[in-house]
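Mind the numbering: the sequence shown is residues 460 to 649 in the numbering used here, read in order.
Okay, structure first, notes after.
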Amino acid sequence: ERTKLSLQFLDSREQFTGLVSLAEQVVREKAPNGNAYEKARALEQHFVEAGNYQYSTDFDEINELRQPQLDPIEDFVTNHRRGHCEYFASALTLMLRSQNIPARMIVGYKGGDYNYVGNYFVVRQRDAHAWVEAYVADSEIPADAMCPEERHPGGGWLRLDPTPSNDAEDQIEKHGLFDRVSKSFDYARW
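Below, the structure written as structure tokens:
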């Protein structure tokens with residue numbers, strides 16, 4: 460029973476007053492009559508809207524702006540609004556739980572470099588990523604929002620990625636001679 464509660468509720472609302480208040484405001488403005496799916500999407504959008512937050516792995520910059528008396532995630536949401544994917548995923552997980560939407564943070568890898576010579580992906584540490592899954596009732600999930608394999612009569616875990624895109628990630632891959640030679644050597648080494 461305790462596991463179920465920890466997935467659904469935020470145990471220490473007093474420690475996250477700014478985060479809870481912001482979650483309530485976003486839901487009130489963007490999904491006032493919404494179900495769990497619409498609230499989850501509204502909270503996700505809050506993080507990725509241009510100008511709200513900034514992706515950064517510059518820990519010196521973040522530490523300069525930190526208010527050490529605050530919880531790091533409360534501080535992120537209410538103060539400096541700069542961080543890497545774990546900040547964004549942690550904040551969204553807590554916001555969802557504050558709205559009584561079961562949520563969990565997932566850590567893994569996103570992307571990688573596709574080696575078209577050998578037909579495989581090279582996944583490096585720089586591809587590490589954190590995102591969120593929210594559990595939503597089946598009746599609240601639009602038909603095109605989740606693949607049928609991920610749904611069941613009770614609902615499904617909806618994938619949410621609150622991390623704003625990083626300009627470096629958005630570069631278009633080019634397949635020049637150097638790239639082909641590099642991928643060929645990588646394939647030979649593999």
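By construction, the Cβ of each residue, glycine as well, lies at the ideal position given by its N, Cα and C atoms.
Since we're looking at a predicted model, the values are computed, not measured.
Straight through space, the alpha carbons of ASN578 and GLN528 are spaced by roughly 50 Å. In the three-state DSSP reduction, HIS588 falls in the strand class (E or B). The beta carbon of GLY477 sits closer than 7 Å to those of GLU533, VAL536 and THR537, all from its chain and outside the five residues before and after it, given in chain order.
Counting only runs of at least 4 residues, the segment 467–545 fully encloses the following alpha helix (DSSP H) elements, listed from N- to C-terminal order: 476–489, 495–507, 518–524 and 531–534.
Under a 10 Å Cβ-count criterion, LEU524 is classified as exposed, with fewer than 16 other Cβ atoms of the shown protein chains found around its own Cβ. Here the alpha carbon of ASP586 sits roughly 5 Å from the alpha carbon of TYR568. When secondary structure is reduced to three states using DSSP, MET554 falls in the helix class. Residue state for ASP603 is assigned as helix, using DSSP reduced to three classes. Pairing ARG540 with GLN584 gives a Cβ-Cβ distance that is not under 8 Å. When DSSP states are grouped into helix, strand and coil, ASP620 belongs to the coil group. The residue among GLU545, SER515 and LYS489 with its C-alpha nearest the C-alpha of GLN504 is LYS489. DSSP places ASP572 in the uninterrupted beta strand (DSSP E) bounded by 572–574. Check the Cα spacing between ARG618 and each of ALA604, PHE475 and GLU599: the tightest is with ALA604. The residues ASP597, in chain order, have a CB closer than 7 Å to that of PRO612 in the same chain once the five nearest residues on each side in sequence are set aside. In the structure shown, the three-state DSSP call for ALA548 is helix. Counting along the chain, ARG563 sits inside the beta strand (DSSP E) bounded by residues 562–568. Taking GLN474 as the centre and dropping the five residues before and after it, the same chain places the C-beta of ASP530 closer than 6 Å to its C-beta, in chain order.
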